[in-house]
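Undergrad: Here's a structure for you.
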Amino acid sequence: MPSSPRIKKEDMLQAALELVSRDGYAALNIKAVARELGCSTAPISWQFGGMDGLGVKDHILDYQFIARR
-5 MPSSPRIKKE
5 DMLQAALELV
15 SRDGYAALNI
25 KAVARELGCS
35 TAPISWQFGG
45 MDGLGVKDHI
55 LDYQFIARR
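For the sequence shown, counting from 1, position 53 maps to 47 in the working numbering; every step adds exactly one.
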């Protein structure tokens, strides 16, 4: 059985950023990000420990700031 592709942290943040850009921060949740990525919520939970637990919104804001430079 082939292994499933690994989803990088940067890909998760990019998906979350696109979601926020399109639908606003109110739409940001782990299921919505997983839907954007076409995966389960497990990789996001594993990487971030949940949306609020490790400040995913802060990571997105940092990512936005860096991307604009």
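Heads up, the beta-carbon is just placed ideally off N, CA and C, and yes, glycines get one too.
Since the model is a prediction, treat every value here as computed from it, not as a measurement.
Is I54 helix, strand or coil when you go by DSSP?
TA: Reading the sequence shown from its first residue, position 60 is the one you call residue 54. In the structure shown, I54 sits in a helix (DSSP, three-state: H, G or I).
Undergrad: Tell me which same chain residues have a C-beta within less than 7 Å of the C-beta of A10, skipping the five on either side of it?
TA: For this step, residue 10 is matched to residue 16 along the sequence shown. Cβ within range, chain order: L22, V27, V50 and I54.
Undergrad: How would you label I24, buried or exposed, when you count the other beta carbons within 10 angstroms and need 16 or more for buried?
TA: Along the sequence shown, one-based indexing puts residue 24 at 30. Burial call: buried.
Undergrad: Quick one: what's got a C-beta closer than 7 Å to L13's C-beta in the same chain, skipping five residues either side?
TA: Counting from one through the sequence shown, the residue named residue 13 turns up at place 19. So the qualifying residues of the chain are A21, L22, A26, V27 and E30.
Undergrad: Where does I38 land, buried or exposed, given buried means 16+ other C-beta within 10 angstroms?
TA: Taking the sequence shown and counting its residues from 1, one reaches residue 38 at position 44. So I38 counts as buried.
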